[in-house]
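Count along the sequence shown starting at 1, add 37, and that's the number in the working numbering. Beta carbons are placed, not taken as given, at the ideal position from N, Cα and C, and that holds for glycine. Predicted model, so just to flag it, every value in this text is computed and none were measured. Everything on this sheet refers to the single structure shown next.
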Amino acid sequence: MTRSVYFMSLMILLIGMASCEDVIEVDVPTESPRLIIDALIRVDTTQTTTLVTVKVSQTNSFFESVPPANLQQITLTNLDFPLGGTDPPVLNEVETGSGIYSRLFSTAYLTQGRLFMQVDFEDKFFVANAQFIPTVPMDALENGDGILFDEDDTEIIVTITDDPDREDFYLFDFDFANFLVTEDEFYQGQEFSFSYYYDEDLMPGDEVAVSIMGVNQDFAIYMDKLIEQSEGGNGPFDTPAITVRGNFINATNIDNEGTFDNTGDPNNFALGYFAVVQEFKEVLVID
38 MTRSVYFMSL
48 MILLIGMASC
58 EDVIEVDVPT
68 ESPRLIIDAL
78 IRVDTTQTTT
88 LVTVKVSQTN
98 SFFESVPPAN
108 LQQITLTNLD
118 FPLGGTDPPV
128 LNEVETGSGI
138 YSRLFSTAYL
148 TQGRLFMQVD
158 FEDKFFVANA
168 QFIPTVPMDA
178 LENGDGILFD
188 EDDTEIIVTI
198 TDDPDREDFY
208 LFDFDFANFL
218 VTEDEFYQGQ
228 EFSFSYYYDE
238 DLMPGDEVAV
248 SIMGVNQDFA
258 IYMDKLIEQS
268 EGGNGPFDTP
278 AITVRGNFIN
288 ATNIDNEGTF
298 DNTGDPNNFA
308 LGYFAVVQEF
318 KEVLVID
C-alpha cells in the first residue's frame, strides 16, 4: 500500500468514527441559590469564654464551587440573659469576602437561656433558636486491633458512661469529616463501648482528634440525614446533594400581627442548622 493510499484510508476511518459520535446532554440539578449557614457552636465549659464562628455560603450550580455569602449582618442574642445595651451582639466577618463570621462570648452567655440567631442577607432575614445541650466526657479513647473489611482499616475504641437522669443523643466527630450519631435508648445510664474504623490511610504515630457532643433529637435526625447523603463525599457540611432542611426559617414577612410563621412560603428557607452543644475532645496517637 502506497503512503498516499494509506493516508486516504486513515482519513476515511477517522471521518467515519467522528460521524458516529453523538452529543450527549446531561441534565444536572438546578435550583435558585440558597443560603447555607453552618452554625454548630461547640462549647468547652472548662473555659470562661467561647469563640463563636459561623460559616455562611450559597449553593451553586452542580459543577461549580460554593461561594461565600456576603451578609448584611449576623447576630446572636440570649433572650433570657441579654447583654447590656439595646442592640443585639453582632458577629464580624473574619476577613472580607471569607463568609466566616465570629465573636467572643462568655461561656455562661451560651450555656443558659434561649439563644436566637438572625442572619440578614439581601434584605431578607433568616432566624433559628437553640438551647445549650450538655453531654458526658469520654471515659476512654484507645487503639484497637480489629479488622472490619480490610486489614488496612484502623480501629479505635470509645467508651462513655451515659447519664441516667436524661435522654441523651450524641454526635461524635472522628476527624477527617467523619461523624456518627447515636442515642442512649439501649444503654441508658450504662457504660457503653464501641469501635470505629477509619478508611483513611493512617500510620503509627499519626494523631486523630475525637470529639463527643450533646445534641437534641431534632439535630440528631438532621445529622443522620446529612451523614447518609454525604457517604462517599467530603463530609456532611459540604453543599448538600439533596435539600435537608435545618432549623433556619425565612422570617422576612413575619410581622407578629397578621403573619406569625412562614407556612405560606414553605420552600423559602436557608440550609444549615443552629445548635449550641457541649464538646469534649481528645487526641489519640495511632499505634
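Residue nearest to residue i in terms of C-alpha spacing, selected from the options
i	options	result
Leu321	Glu159, Arg71, Asp199 and Asp212	Asp212
Thr191	Gly242, Pro70, Val314 and Ala307	Gly242
Ile252	Pro171, Asp117, Pro104 and Asp160	First, the residue type needs correcting, since residue 252 is Val and not Ile in the sequence shown. It is Pro171 whose Cα lies nearest to the Cα of Val252.
Lys161	Ile323, Ala307 and Glu316	Ala307
Gln227	Ile197, Val247 and Tyr233	Ile197
Gly183	Ala177, Pro174 and Ile193	Ile193
Ser230	Ala214, Asp238 and Asp199	Asp199
Pro174	Ile323, Asn180 and Phe317	Phe317
Met260	Ser94, Phe169 and Phe311	Phe311
Phe216	Phe169, Tyr233 and Asp81	Tyr233
Phe223	Leu208, Phe209, Glu204 and Ala214	Glu204
Asp202	Gln225, Phe153 and Phe209	Gln225
Lys262	Arg282, Tyr235 and Ser248	Arg282
Ile264	Ser248, Glu159, Phe209 and Met240	Phe209
Asn187	Leu178, Ile249 and Tyr235	Residue identity check: residue 187 is Asp in the sequence provided, not Asn. Answer by Cα proximity: Tyr235.
As assigned by DSSP and simplified to three states, the class of residue i
i	result
Ile184	coil
Thr82	coil
Tyr146	helix
Asp236	coil
Glu331	No answer is possible for residue 331: it lies beyond the span of the chain, which begins at 38 and ends at 324.
Asp221	helix
Val91	strand
Ile291	coil
Phe213	coil
Ser69	coil
Ser135	coil
Ala106	coil
Asn97	coil
Gly242	coil
Arg203	coil
Asp75	strand
Asn305	coil
Leu128	coil
Phe173	A small fix is needed here, since residue 173 is Val in this sequence, not Phe. DSSP places Val173 in coil when its eight states are reduced to three.
Burial state of residue i, where buried means 16 or more other Cβ atoms lie within 10 Å
i	result
Arg79	buried
Ala76	buried
Thr133	exposed
Asp176	exposed
Ser69	exposed
Gly285	It is worth fixing the name first, because residue 285 is Phe in this sequence and not Gly. Phe285 is buried by the Cβ-count criterion.
Asn290	exposed
Pro246	Note that residue 246 is Ala in the sequence shown here, rather than Pro. So Ala246 ends up on the exposed side.
Gln109	exposed
Val131	exposed
Phe169	buried
Thr83	exposed
Ser135	exposed
Residue i, enclosing beta strand (DSSP E) - first and last residue
i	result
Phe209	Phe206 to Asp210
Glu316	Leu308 to Val322
Asp157	Leu152 to Phe158
Leu120	No beta strand (DSSP E) contains Leu120, which DSSP labels as neither H nor E.
Leu113	Gln110 to Asn115
Thr191	Thr191 to Thr198
Phe285	Counting along the chain, Phe285 falls outside any beta strand (DSSP E), and DSSP gives it neither H nor E.
Val164	Lys161 to Ala167
Cβ-based neighbour list, residue i, same chain, cut-off 7 Å, excluding 5 preceding and 5 following
i	result
Phe118	Tyr146, Gln149 and Gly150
Thr85	Ser143 and Thr144
Gln254	Phe206
Ala278	Note that Ala278 scores 47 on pLDDT, short of 50, meaning its location in the model is unreliable and no value can be drawn from it.
Phe158	Leu72, Ala106, Leu108 and Gln109
Limits of the unbroken alpha helix (DSSP H) element including residue i
i	result
Ile258	Gln254 to Gln266
Cβ shell of residue i (< 8 Å), same chain only, five flanking positions each side left out
i	result
Arg140	Leu88, Val89, Leu113, Pro126, Val127, Leu128 and Asn129
Gly181	Glu192, Ile193, Ile194 and Ser232
Asp238	Asp189
Asn293	Low per-residue confidence applies at Asn293: pLDDT is 46, beneath 50, and the placement is therefore not dependable, though the value from the model is reported in the following sentence. Nothing listed; no residue qualifies.
Own chain residues within Cβ distance below 6 Å of residue i, not counting five before or after
i	result
Ala257	Phe206 and Val218
Gln155	Thr112, Phe162 and Val164
Glu220	Phe206
Leu116	Arg151 and Phe153
Asn305	Asn287
Glu244	Val320 and Val322
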